[in-house]
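Per the UniProt record's numbering, residue 1 is the first one in the sequence shown, and the count goes up by one each step. Every residue gets a Cβ at the ideal spot worked out from N, C-alpha and C, and that includes glycine. All of these numbers come straight from a predicted model, not from anything done at the bench.
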Amino acid sequence: MCDNQYIAKLCAEYSVPPLEKPHRLIRVPKPNFLGPNDRDAALKHLSHARHAARGIRELYRDYGATIGLHGQQMSGTPNAAFTLQERQDAFDHLMSNGISIGVAQAVVDLYPNRSFDVNVRRGNRTKHSPKNRAVKDENLDWLQRATKNYQEDYVQLIASRHPKQSSLDESLGIAIAQRSFDIATELLRWGANPNKCHPDFLSHAVSGNMSWTRLLLSSPTHVIDQSERDKALQAAVMSNNFNMVYALLSYGADVNYSSGLPLVSAIRTNQVRIFVMLISTTPSQQALEKAMEFACTMDSPIPPHQPKILRILLSAGAIVSKETLLHSIAQEDYDTVRLLLDFQALNNELRSEAITSCLQLDRVSRLRFAKLVTVHQIDSLVWKAALHMSIQEQDLHFLNLLLADCDERHSELEDALVMATETLNPSLVQALLFREPGTSAIERAFELMLDSEKIHDSSNSLTICLALLKCNPKQSLKDRALLQSLKGYKKEQSDFFWGLIRRGANVNTESCACFVTAGLLDDLEVFNLLLCYKANFDLVVETLIDHFQHAQYERLFDLVSATLNHENYESRNPGVDVVFKAMRRFNGHELIRLLVDHGYPAGETLPRIGGNGEAVTPLIWALEWAKAEISDSLILELLRREERANANFMTEISGTTAISLAARFRRHKILERLIEMKVGLSAVDSSGRSPLFHATANEDSTSVRFLLENGAQRNDGSLQEASRLCNTDMIVLLIDKHHDPDFPSHIHEGRTALGELCHRATLKTGQEVSGAYEAIKMLIRVRSDLSRRVNGKSILHLALDNEQPVEITRQLLRFPKIYRNICTDSELFIYEDAQGIFMSPDFYVRQYSKHTEDIKSSLVTLLRNSGCKEKWFVMGHRQVPRPRGLPPLLKEATERQMLSILNKDAPFSDSMTVQTPISMTCIDIIGLLWHIASR
Numbered sequence: 001m002c003d004n005q006y007i008a009k010l011c012a013e014y015s016v017p018p019l020e021k022p023h024r025l026i027r028v029p030k031p032n033f034l035g036p037n038d039r040d041a042a043l044k045h046l047s048h049a050r051h052a053a054r055g056i057r058e059l060y061r062d063y064g065a066t067i068g069l070h071g072q073q074m075s076g077t078p079n080a081a082f083t084l085q086e087r088q089d090a091f092d093h094l095m096s097n098g099i100s101i102g103v104a105q106a107v108v109d110l111y112p113n114r115s116f117d118v119n120v121r122r123g124n125r126t127k128h129s130p131k132n133r134a135v136k137d138e139n140l141d142w143l144q145r146a147t148k149n150y151q152e153d154y155v156q157l158i159a160s161r162h163p164k165q166s167s168l169d170e171s172l173g174i175a176i177a178q179r180s181f182d183i184a185t186e187l188l189r190w191g192a193n194p195n196k197c198h199p200d201f202l203s204h205a206v207s208g209n210m211s212w213t214r215l216l217l218s219s220p221t222h223v224i225d226q227s228e229r230d231k232a233l234q235a236a237v238m239s240n241n242f243n244m245v246y247a248l249l250s251y252g253a254d255v256n257y258s259s260g261l262p263l264v265s266a267i268r269t270n271q272v273r274i275f276v277m278l279i280s281t282t283p284s285q286q287a288l289e290k291a292m293e294f295a296c297t298m299d300s301p302i303p304p305h306q307p308k309i310l311r312i313l314l315s316a317g318a319i320v321s322k323e324t325l326l327h328s329i330a331q332e333d334y335d336t337v338r339l340l341l342d343f344q345a346l347n348n349e350l351r352s353e354a355i356t357s358c359l360q361l362d363r364v365s366r367l368r369f370a371k372l373v374t375v376h377q378i379d380s381l382v383w384k385a386a387l388h389m390s391i392q393e394q395d396l397h398f399l400n401l402l403l404a405d406c407d408e409r410h411s412e413l414e415d416a417l418v419m420a421t422e423t424l425n426p427s428l429v430q431a432l433l434f435r436e437p438g439t440s441a442i443e444r445a446f447e448l449m450l451d452s453e454k455i456h457d458s459s460n461s462l463t464i465c466l467a468l469l470k471c472n473p474k475q476s477l478k479d480r481a482l483l484q485s486l487k488g489y490k491k492e493q494s495d496f497f498w499g500l501i502r503r504g505a506n507v508n509t510e511s512c513a514c515f516v517t518a519g520l521l522d523d524l525e526v527f528n529l530l531l532c533y534k535a536n537f538d539l540v541v542e543t544l545i546d547h548f549q550h551a552q553y554e555r556l557f558d559l560v561s562a563t564l565n566h567e568n569y570e571s572r573n574p575g576v577d578v579v580f581k582a583m584r585r586f587n588g589h590e591l592i593r594l595l596v597d598h599g600y601p602a603g604e605t606l607p608r609i610g611g612n613g614e615a616v617t618p619l620i621w622a623l624e625w626a627k628a629e630i631s632d633s634l635i636l637e638l639l640r641r642e643e644r645a646n647a648n649f650m651t652e653i654s655g656t657t658a659i660s661l662a663a664r665f666r667r668h669k670i671l672e673r674l675i676e677m678k679v680g681l682s683a684v685d686s687s688g689r690s691p692l693f694h695a696t697a698n699e700d701s702t703s704v705r706f707l708l709e710n711g712a713q714r715n716d717g718s719l720q721e722a723s724r725l726c727n728t729d730m731i732v733l734l735i736d737k738h739h740d741p742d743f744p745s746h747i748h749e750g751r752t753a754l755g756e757l758c759h760r761a762t763l764k765t766g767q768e769v770s771g772a773y774e775a776i777k778m779l780i781r782v783r784s785d786l787s788r789r790v791n792g793k794s795i796l797h798l799a800l801d802n803e804q805p806v807e808i809t810r811q812l813l814r815f816p817k818i819y820r821n822i823c824t825d826s827e828l829f830i831y832e833d834a835q836g837i838f839m840s841p842d843f844y845v846r847q848y849s850k851h852t853e854d855i856k857s858s859l860v861t862l863l864r865n866s867g868c869k870e871k872w873f874v875m876g877h878r879q880v881p882r883p884r885g886l887p888p889l890l891k892e893a894t895e896r897q898m899l900s901i902l903n904k905d906a907p908f909s910d911s912m913t914v915q916t917p918i919s920m921t922c923i924d925i926i927g928l929l930w931h932i933a934s935r
């Protein structure tokens, strides 16, 4: 709103008078220049002109066609009425010669009822005009000529006799060009249009010629175009011509020209007086705003009067535009911004943009201008951006300014708390916490500190954590914090740790991991104190055993001992799995003794990890590990518990027992202790193997003696294992304890001791070959049954099927009871296949051996060199082609059959046998009898 009183006061201060009423020229009556004798003089002049024209006609009668019309007009009596042409010629003559203006007027007004056209140009001729007439300024009419010749009286006479408007306008231009002020005045009185002289008007205005400018503005009939007046006003302002500006404004020049350009020019030239005068004309709002924008955004140095100009504009009703305010803030023009804000209250939108502009300033200026603008109810996005900037730059003062308007900005406040936490600036965090952000934000910030693992990095981070902890975050975060605080625990910085404990942090979190961390500290003070805060003692023990390494065994033992012997110790359900872990991870009997003495079970079962998943006791589980992993002393510690150790336990699936494992893994002390405990010595596992079997398979003579001396059952396959290994000492021990060499062991697919040796003995070295020979000799000496067969195979065939058949067969053939039965008709080592074909060992090698051709060839050569007799025949009525080694009776029957066929002249070939029913029956009977006899 415009402050009219202030504007009036300014006008008085700067001597700016009110605008005057515009002065206009007054149109006067027609001028009268007639004297008493001027009419007669005019008639006389016309008469003389007519007589002169007649003489000319007689002289040029031959040219009547050219001037005939003119001659006709001039014919007649001398006193006849004068024509218009005669009067115009006379007037032209009078004006050209400067004769009395009264006579000229008499010529014009000679006949009142006949009009006289003053718009005559000398160059315009009728067909009666002389062609050779020389005319000066033939392009000018009378008014223009009079003006050009400074004939003011003729100008008045012609101008008052209705000249053409164009003649008036052009004459005015001539007058202005000639600086003929009085003539120009007369022309304007009689209607000349000054708008046809725009350049002249503007030129006078620019040059400051007040008389001419006022003259042109005072036309009674035509007002200077508004645009020209406005341009003149602009020029006058630029030339600092106060009087010219005043005059132009009085004659209607618009201060709003080009959106207030005169105001802008006045500001640019720093002309306060002219500016006040312009303001007093009540410029438009648009003009005021443009002037305001220019005044606030000038690139040049600030004029000394700028604050006053701004105040004048604002008092005149200028509205503070967004661009103006933002530019002033960007230029850090504090006084201007303050002045702008004194005159206009900002709406929320503009205030938001102003704060956005403040954010681009340096830290000090930002705070200064933000206080000036205020942050009340600014846009939430702007407030959030400002808040983030204050946190990023750790500007506490700016942050406090923003927080004064945070009542309904909960989500932004929560995000800000998280950001402030990242800066590790306690002042920022505490300022935000004072505004009571939501619990979720506090927990996010607390979690951020935990994720960064910077709790103990500095006093600042510790202070932040304590401040957040006072807001009581959720339990899981306090538990995490407890673990982290222990990792960087220092006694002199333990406030946060004990604050967590007092606020209910769970010492049992993450399976009592904090006890592991506390256990690694230099002393056990913290560890023992933690045990006082509702510790889960069973879980503590288990966790310690899980996490400590073998090299830390002594410290682990101290921690477990401190736990189990603590005054608040209370075991809810000690698990056998802890015993398992303790044995596996730490090969120390002291720890096992400590656990078992405090009630941990020694004989309960736990599913085996991996394998068949069957349940095992700690004793069995420990015995399955090598001595390097779990020592005998540890296992003996379990066995000291007698019945609690459950030494007779057998696993459900594999049938494993403690004594079988002790025998199997050469744990002699354990085996001896188990025997003392009267456990079953001969319990077999699911595969049928007894402890004695395992000891024998391991060639553990000590364990074998223990078991045999304490009554281990015989004929369990142990002799077969000793024979396979060619271990003569154990063969002797077993046979001495009445193990039968001919016992068909089901574990060995029914093979006897000698059969197992022949089939599976491995002979790679000379010592092994020698051992095999001695073992075979020993078994034959104890009268092993050489005729025993397994699946139709004798010991020789089993030797031929050995993975290394050549050497074992060679050793077997060294014995007479073997090689003598392959070079005769003995059927001891004859093999009968599924087709009923009987064959000698060499044929067996060719037909059924799965070895390579080289090995087969070596075996056949070995057999033949030992005198093996070829045998290849069947005992039935259909004989094989080319049979070998037939028994005598079978041979005789076959020959009779052949003779019978030949006598009948029947064709005969090796591939077929022809028999009569009678002969077939005979052969069958003979063969059967021979076979029975040989058996």
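Inset, instruction - Could you check the C-alpha separation between Ala683 and Ser690 for me, to the nearest Å? - result: 6 Å
Legend entry - Extent of the continuous beta strand (DSSP E) run through Ile837: 837-839
Legend entry - Element boundaries [alpha helix (DSSP H), containing Val373]: 363-373
Legend entry - Cβ distance (whole Å) where Ala287 is taken to contact Ser259 below 8 Å: 6 Å
Legend entry - Continuous beta strand (DSSP E) stretch holding Val874: start and end: 872-874
Legend entry - Backbone CA spacing between Leu929 and Leu886 [nearest angstrom]: No answer about Leu929 holds up, because its pLDDT of 49 lies below 50 and its placement is not dependable.
Legend entry - Burial state of Gln360, where buried means 16 or more other Cβ atoms lie within 10 Å: exposed
Legend entry - Nearest residue (CA-CA) to Asn270, options Asn243, Val237, Ala253: Val237
Inset, instruction - Assign Ile795 to buried or exposed, taking buried as 16 or more other Cβ atoms, counted over all protein chains shown, within 10 Å of its Cβ. - result: buried
Inset, instruction - Alpha carbon to alpha carbon, how far is Asn715 from Glu624? Give it in angstroms, no decimals. - result: 26 Å
Legend entry - Straight-line Cα distance separating Gly173 from Asn79: With a pLDDT of 49 at Asn79, under the threshold of 50, the modelled position of this residue cannot be trusted, and the question is left open.
Inset, instruction - Alpha carbon to alpha carbon, how far is Glu554 from Thr617? Give it in angstroms, no decimals. - result: 26 Å
Legend entry - Neighbourhood of Ala722 by C-beta, 7 Å cutoff - its chain only, sequence neighbours within 5 removed: Thr696, Met730, Ile731, Leu734
Inset, instruction - Please classify Asp62: does DSSP put it in a helix, a strand, or coil? - result: Its pLDDT being 42, under 50, Asp62 is placed unreliably by the model, and the measurement read from it follows with that caveat. Asp62 falls in the helix class under three-state DSSP.
Legend entry - Same chain, Cβ closer than 8 Å to Glu672, neighbours up to 5 away in sequence not counted: Phe706
Legend entry - Three-state secondary structure (DSSP) of Leu157: helix
Legend entry - Contact under 8 Å by Cβ, Leu314 with Ala354: no
Inset, instruction - Starting from Ser794, follow the alpha helix (DSSP H) in both directions and report where the run begins and ends. - result: No alpha helix (DSSP H) holds Ser794; DSSP gives it neither H nor E.
Legend entry - Where Leu233 falls: helix, strand or coil (DSSP): helix
Inset, instruction - Report the option in Glu510, Val516, Leu482 whose CA atom is closest to the CA atom of Leu500. - result: Leu482
Inset, instruction - Identify, in the order they occur along the chain, each residue of the same chain with its Cβ nearer than 6 Å to the Cβ of Leu188, setting aside the five sequence neighbours on each side. - result: Leu25, Ser219
Inset, instruction - Please determine, among Ser703, Ser745, Glu709, the residue with the shortest C-alpha to C-alpha distance to Leu719. - result: Ser745
Legend entry - DSSP three-state assignment for Met677, whether helix, strand or coil: coil
Legend entry - Assigned secondary structure, Val540 (DSSP; H/G/I helix, E/B strand, else coil): helix
Inset, instruction - Taking only runs that begin and end inside the segment 405-452, name each unbroken alpha helix (DSSP H) of 4 or more residues, in chain order. - result: 410-423, 426-434, 439-452
Inset, instruction - Whole angstroms is fine: what's the gap from His376's alpha carbon to Ala404's? - result: 8 Å
Inset, instruction - Look up Ala615 in the DSSP assignment and say whether it is helix, strand or coil. - result: strand
Legend entry - Close Cβ partners of Asn4 (< 6 Å) along its chain, the five nearest in sequence each way excluded: none
Legend entry - the segment 329-336 in contact with the segment 364-372 per 3-pair CB rule at 8 Å: yes
Inset, instruction - With distances taken Cα to Cα, identify the nearest neighbour of Phe434 among Asp407, Lys490, Ala81. - result: Asp407
Legend entry - Residue interval of the alpha helix (DSSP H) (run including Asn243): 242-250
Legend entry - Nearest-angstrom Cα separation, counted from Arg351 out to Arg338: 13 Å
Inset, instruction - Name the two residues that bound the continuous alpha helix (DSSP H) containing Lys581. - result: 576-585
Legend entry - Range of the contiguous alpha helix (DSSP H) that encloses His759: 753-760
Legend entry - Ile635 to Gly655 span [Cα, whole Å]: 20 Å
Inset, instruction - Quick one: which unbroken alpha helix (DSSP H) runs of 4-plus residues sit fully inside the segment 645-726? Chain order, please. - result: 658-664, 668-676, 691-697, 701-709, 718-724
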